[in-house]
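Shown next, in structure tokens, is the structure this report addresses.
There are 2 protein chains.
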Amino acid sequence: MSLAADYNIALVGCGTVGSGVARLLLEHPERLASRAGRRLRLCRVVVRDPAKPRAAAVPPELVTTDFEAVLRDPRIDVAVEVVGGTDWARRAVLDLLAAGKDVVTANKALLALHGAEVFAAARRHGRAIGFEASVGGGIPIIAALTQGLAANQILSLQGILNGTCNFILTGMTERGTSYASALADAQRLGYAEADPTLDVDGTDAAHKLAILAQIAFGVAVPFAAIPRRGIAQIDQADIRYARELGYTIKLLAEAWYDPNDGRLALHVAPVMLRHLAPLALVRDAYNALFVVGDAVGSTLYYGRGAGQMPTASAVVADLIDLAIGRGQLTFRSLELWSDQAQTVSLRPPGTVPSRFYLRLLVEDRPGVLAEIARILAHHQISISSVIQHEAVDGPDGDVVPLVILTHQAPTGNFLATLAELNGLSCVTAPSVYYHVAD
Amino acid sequence: MSLAADYNIALVGCGTVGSGVARLLLEHPERLASRAGRRLRLCRVVVRDPAKPRAAAVPPELVTTDFEAVLRDPRIDVAVEVVGGTDWARRAVLDLLAAGKDVVTANKALLALHGAEVFAAARRHGRAIGFEASVGGGIPIIAALTQGLAANQILSLQGILNGTCNFILTGMTERGTSYASALADAQRLGYAEADPTLDVDGTDAAHKLAILAQIAFGVAVPFAAIPRRGIAQIDQADIRYARELGYTIKLLAEAWYDPNDGRLALHVAPVMLRHLAPLALVRDAYNALFVVGDAVGSTLYYGRGAGQMPTASAVVADLIDLAIGRGQLTFRSLELWSDQAQTVSLRPPGTVPSRFYLRLLVEDRPGVLAEIARILAHHQISISSVIQHEAVDGPDGDVVPLVILTHQAPTGNFLATLAELNGLSCVTAPSVYYHVAD
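These protein sequence lines are chains A and B, in that order.
Just so we're aligned, residue 1 is where the first sequence starts under our numbering, counting upward by one.
Just so we're aligned, residue 1001 is where the second sequence starts under our numbering, counting upward by one.
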């Protein structure tokens, strides 16, 4: 294959991921040229502080603080946005598209919150956006949904999309540590930020779910409409009861589409999965997405969902796609965040059926189980298993944990029942609940 | 998006997979048109016996026995080859390419044996070949390797690529059945052919490995150069010993590339995997491919590797790719089976290091273990575990099974040692061995 003109790249941001992209581009030029049919040339690296030491050996003459120069440089074909955040990054991406540059981004918050605007701008300017790195790090999840499974109606997605949470939950499950101690381990090993809020409260996973829902179901989900719970409140006791019942707790981003009524249910929540379910076996900082399509059946994609080189792998795959001209075709073929008539509507969360795990602290006296069972029955919630161990001696006095697994019930119905249970005098502390996968 | 001209398709063959492709095309025209940007129109269905009843409701006026009419019809853009076999199919694909048609094929034997010829013909005629369905059924494995991981040097592939074998081994492992009985179950449930030879002897998995090796490492492996063992000889005793040692036996297609010396090792063989290794957890007729890339690290792709609709899902994904124009770009960007200088060479199988499982039937008398251990030590083969249970009372007299796990040793060295052990008078039957994953 004879090589066409160079494909000229500007890197906007050169932190962890940006340095990884620079490393791939600078260390493997022949490999990338043979796969793209042309040379991928790193032309400029825009940074805030050029004096900051960088992992990759970026030639100093490429480094600049002048973002505008990228906009003005007609040679530059594509810009890689890896600054993160949603304010400056949004403006920068809109300016790049207006200046005639294609854009590759790893910024899930940007796409989840401003995807409609950004994709409309790309279409208006005849540009393309590559965003494989925004979900699942190096795992080609976006390509699987948009290309590999293009013949399918996707019926459901279930993902472990936040490596920090999965690392913490793996520690709590396998080493029996508390949440606080597992979080400290994750921070020490670089799997969690100093302020881990956006990871552990489910925001990051919900950003990714918003992107996947758009791709898989063609629905622009307002980010605030995704119910989400994080993992910070998970007690070691619940991990242990889950194990006793044959389950493992994972933070899942889930979406289910019902082709009969065109409605989509979705949430981010800790979910109890059966021990041998494929997603239950995903350990440490790995990510995985379980996808069911109407033709293909069940499929799963697994790998590192974050980190320098895995994310850079996805960014550079997008660059190769655009250098070949394939990325532009893919972007045009997707009606992403467009204003086309939506045929999919969101299902009110309260109507979504689920099984539930319920842990109550109750007084250790006759009649308590009967009363609780009566209230559940009254609300048509059927019990699948019960665990009651012997009384806990301690400051709480004669109090015992009572653990119940339910059969399926509408979420709203369950939550109303839970409120009623918490109001009972025999229930001595707010009850704990989690979703249970079928 | 306004729709471009129809994309006109001929189906060559209408058995299980062909009927599935027809179903998707005929039952979901709007879905496919919205994803391809144009209507995918089924124009002709070439069959040998038009009277044969078919699952899909193919309009009778499309059915023909006249393959030449497809070649002559200038409207037809692409032909889907799903007849299977390598003689007629090879001729048909070459004729289709010469007639100016792109080709989508699910035929792994054709590509493994005649890939060089077929791909060269496509390039000569300026046509493209889509072959996602040839490996891993509906799992987008080919796209992951050629596009999603394009920034990587692939370092290793390990796949469960034959659903029949995996179904049989799952039955033997989980239900404790014999090989013969598990095979009969597979045949009764439609997971194995009446003549299962090409599945159970590893030929089918080796065909797929040849295709993957070409894509991942750019090396055209002569099919006969792939060492392969099947599963028909696997004894229930070895399944049980594997479990006792913490392992599960799977038929794997494996390839390892050493970037330092440019050499590739590959084989198809039953391999003992640790119980919780990702591939050990792949059950029944599912397939999975574990891929390690130098940037992305470990990734895994999982789903149904065969069957009507999963395979049709991959075929129609290729049709959408070609209708968009993306498939042509992908095909051109791959130097598949081309005569470019090969930089990768095959490693002689005898030099490939592996751990081994060894089961000997030995006389139950003093000094036997010492003699065997001495011979292994003499050949520099280090023992990692030993199991020797009590003597078997029975027709064999005082004979005991002796099970040994070794540390890594060159395969040729191990096989030579095995021959020496089998020649000992205290070894009463030919010894059994399997590879053990690290």
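Every residue gets a Cβ at the ideal spot worked out from N, C-alpha and C, and that includes glycine.
- In this structure residue 236 of chain A touches residue 176 of chain A by the C-beta definition: roughly 7 Å separates them, less than 8 Å.
- Residue 1321 of chain B places its beta carbon less than 8 Å from that of residue 147 of chain A.
- Between residue 1285 of chain B and residue 1166 of chain B, the C-beta gap is smaller than 8 Å, which places the two residues in contact.
- Within chain A, no residue has its beta carbon less than 7 Å from that of residue 1257 of chain B; the closest one is some 13 Å off.
- The beta carbon of residue 388 of chain A sits closer than 8 Å to the beta carbons of 369, 400, 401, 402 and 403 from its chain, once the five residues preceding and following it are set aside; these are given in chain order.
- Apart from the 5 residues on each side of it in sequence, residue 1118 of chain B sits with its Cβ closer than 6 Å to the Cβ of 1093 in its chain, given in chain order.
- Between residue 287 of chain A and residue 139 of chain A the beta-carbon gap is near 6 Å, inside 8 Å, which marks them as a contact.
- Rounded to the nearest angstrom, the Cβ distance from residue 302 of chain A to residue 282 of chain A is 6 Å, consistent with a contact under 8 Å.
- In this chain, residue 1425 of chain B is not harboured by any alpha helix (DSSP H), its DSSP state being neither H nor E.
- Close partners of residue 1329 of chain B in chain A (Cβ separation under 7 Å): 324, 325 and 326.
- Residue pairing from DSSP leaves residue 1241 of chain B without any beta-bridge partner.
- At a cut-off of 8 Å between beta carbons, residue 1116 of chain B makes no contact with chain A.
- Interface with chain A (8 Å Cβ-Cβ cutoff): residue 1304 of chain B is included.
- Within 9 Å of the CB of residue 1201 of chain B, no CB atom of chain A is found; the nearest one sits about 27 Å away.
- Pairing residue 40 of chain A with residue 32 of chain A gives a Cβ-Cβ distance under 8 Å.
- Residues of the segment 1028 to 1044 of chain B that bring their beta carbon within less than 9 Å of a beta carbon in chain A comprise 1028, 1031, 1032, 1034, 1035, 1036 and 1037, in sequence order.
- In the DSSP assignment, residue 110 of chain A falls within the unbroken alpha helix (DSSP H) covering 108 to 124.
- The beta carbon of residue 1321 of chain B sits closer than 8 Å to some beta carbon of chain A.
- Note on geometry: alpha-carbon atoms of residue 1178 of chain B and residue 1162 of chain B lie some 19 Å from one another.
- Residue 149 of chain A sits close to residue 1317 of chain B, with the two beta carbons spaced by under 8 Å.
- Two segments are said to touch when three or more pairs of C-beta atoms, one from each, lie closer than 8 Å; by this definition the segment 1244 to 1264 of chain B touches the segment 1213 to 1227 of chain B.
- For residue 1100 of chain B, the closest Cβ of chain A is not nearer than 8 Å.
- Secondary structure at residue 250 of chain A: strand, using DSSP grouped into helix, strand and coil.
- If you look at residue 1019 of chain B, you'll find it isn't in any beta strand (DSSP E); it sits in the alpha helix (DSSP H) that goes 1016 to 1027.
- Residue burial is scored here from C-beta neighbours: residue 1422 of chain B has fewer than 16 other C-beta atoms within 10 angstroms and is therefore classed as exposed.
- Neighbourhood of residue 316 of chain A in chain B, by CB distance below 8 Å: 1150, 1151 and 1295, in chain order.
- Taking the Cα of residue 1126 of chain B as reference, the smallest distance to any Cα among B/1145, B/1114, B/1268 and B/1103 is reached at B/1103.
- For residue 171 of chain A, the enclosing alpha helix (DSSP H) stretches over residues 163 to 174.
- Residue 135 of chain A and residue 246 of chain A have their C-alpha atoms some 30 Å from each other.
- Among the residues facing chain B, residue 309 of chain A is included, as its CB has a counterpart in that chain under 8 Å away.
- Listed in chain order, the alpha helix (DSSP H) runs fully inside the segment 1348 to 1397 of chain B are 1368 to 1378, counting runs of at least 4 residues.
- Within the same chain, Cβ atoms closer than 6 Å to the Cβ of residue 435 of chain A are found at 269, 271 and 354, the five residues on either side in sequence being excluded.
- C-alpha of residue 1210 of chain B to C-alpha of residue 133 of chain A: approximately 30 Å in a straight line.
- Taking all protein chains shown into account, residue 1208 of chain B has 16 or more neighbouring C-beta atoms within 10 Å of its C-beta and is therefore buried.
- Within its own chain, the residues whose Cβ lies closer than 6 Å to the Cβ of residue 293 of chain A, once the five positions on either side in sequence are excluded, are 149, 152 and 154, listed in chain order.
- Ranked by how close their Cα comes to the Cα of residue 1035 of chain B, the residues A/106, A/335, A/228 and A/204 have A/335 in first place.
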